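Numbering (my numbering), first residue to last: 5 to 216.
Structure, rendered in structure tokens:
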């Protein structure tokens, strides 16, 4: 099977990364479900033993329940919390990702063309700022942060893990810079013929968040 040129890989990685960053951080800020962005949403990847590897400021989340654990930590920050991306960089990693790759024909076959760059994996490095409280601006972060002022211990834990304060609830208007690195691979079911349109074509297998 022919592999994509370096130029094709760079173009696909750049365009896919732009879509990923736009949609992932919008979902993050609006507290929409994040599971569709991760490899665990693909039965083929899961069947090949691929599980999301998520690390938040050095805290490694569980291999099987990491996405739900991550969402719980996000909710524990309180609200509103907004992640604002200032820049990102993307580059291809392998020209043809093969774990969980479907057969070339028959049921479940994929329309992903390796020559066109549809089967690459790629890395994304994101820089930005996390804004707490009124410093956040915009409508993001309001959805699932969880109501009520009686949950201070929970909020303190989440805020501390994400680097806000020193184990205290984040101050309103506080801002922290962050770097976040991702590795994304093809979501094979999304490339299947007549696939549901709401599936992400690339999903996260590795995520490393660092507050600065």
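Note that the Cβ used here is the ideal one computed from N, Cα and C, for glycine as well. Bear in mind the structure is a predicted one, so any value in this text is a computation, not a measurement.
Exercise for the section: Find the nearest neighbour of residue 8 within the set 123, 55, 192 and 88, judged by alpha-carbon distance. Expected result: Nearest option by C-alpha distance: 123.
Practice task
State the start and end residues of the unbroken alpha helix (DSSP H) segment that holds residue 26.
Solution key: Start and end: 10-33.
Handout entry: Span separating the alpha-carbon of residue 2 from that of residue 184
Key = Nothing about residue 2 can be read from this structure; the chain reaches only from 5 to 216.
Practice task
Within its chain, find whatever has a CB closer than 8 angstroms to the CB of residue 51; leave out the 5 residues flanking it on each side and keep chain order.
Solution key: 104
Exercise for the section: Mark residue 216 as exposed unless 16 or more other C-beta atoms lie within 10 angstroms of its C-beta, in which case mark it buried. Expected result: Looking at its Cβ environment, which holds fewer than 16 other Cβ atoms inside 10 Å, residue 216 is exposed.
Problem - Spatial neighbours of residue 6 in its chain, beta-carbon cut-off 8 angstroms, leaving aside the 5 residues before and after - result: Closer than 8 angstroms at Cβ, skipping near neighbours: 118 and 119.
Practice task
Would you decide whether residue 68 is buried or exposed? Buried here means 16 or more other CB atoms lie within 10 Å of its CB.
Solution key: It counts as exposed.
Handout entry: 7 angstroms Cβ cutoff met for residue 126 and residue 188
Key = Yes, the Cβ-Cβ distance between residue 126 and residue 188 is below 7 angstroms.
Problem - Euclidean distance between Cα positions of residue 1 and residue 22 - result: This structure cannot settle anything about residue 1, because the visible part of the chain is limited to 5 through 216.
Practice task
Take the Cβ of residue 101 as the centre, count every other Cβ of all protein chains shown within 10 Å, and call the residue buried at 16 or more, exposed below.
Solution key: So residue 101 ends up on the buried side.
Practice task
Apply the 10 Å Cβ neighbour rule to residue 145 and answer buried if 16 or more other Cβ atoms are within range, or exposed otherwise.
Solution key: Residue placement at residue 145 is flagged as unreliable, the pLDDT there being 36, under the threshold of 50; the coordinate-derived value follows with that caveat. When all chains shown are included, residue 145 counts as buried.
Practice task
Note down, in chain order, each residue of its chain lying with its Cβ closer than 7 angstroms to the Cβ of residue 13, except the 5 sequence neighbours on either side.
Solution key: Contacts found: 96, 99, 121 and 124.
Exercise for the section: Report yes if the C-beta of residue 94 is less than 6 angstroms from at least one heavy atom of the ligand NAD; otherwise report no. Expected result: Ligands displayed in this structure: none; no statement on the ligand NAD is therefore possible.
Handout entry: Exposure of residue 64, with buried meaning 16 or more beta-carbon neighbours within 10 Å
Key = Residue burial is scored here from C-beta neighbours: residue 64 has fewer than 16 other C-beta atoms within 10 angstroms and is therefore classed as exposed.
Handout entry: Assigned secondary structure, residue 190 (DSSP; H/G/I helix, E/B strand, else coil)
Key = Of the three classes helix, strand and coil, the one that applies to residue 190 here is strand, per DSSP.
Practice task
In angstroms with no decimal places, state the Cα-to-Cα distance between residue 81 and residue 165.
Solution key: Taking the straight line joining both Cα atoms gives about 9 angstroms.
Exercise for the section: With DSSP as the reference, please indicate the residues paired to residue 57 in a beta bridge. Expected result: 210
Practice task
Answer with buried or exposed for residue 30, where buried requires no fewer than 16 other C-beta atoms within 10 angstroms of its C-beta.
Solution key: exposed
Exercise for the section: For residue 61, collect the residues of the same chain with a Cβ closer than 8 angstroms to its Cβ; drop the 5 residues on either side in sequence, then sort them by chain order. Expected result: 165, 166, 167, 213, 214 and 215
Practice task
Taking only the alpha-carbon atoms, compute the straight-line gap between residue 143 and residue 28 and give it to the nearest angstrom.
Solution key: The pLDDT assigned to residue 143 is 36, lower than 50, so where the model puts this residue is not dependable, and the model offers no usable value.
Handout entry: Inside the stretch 86-136 only - beta strand (DSSP E) runs reaching at least 3 residues
Key = 125-136
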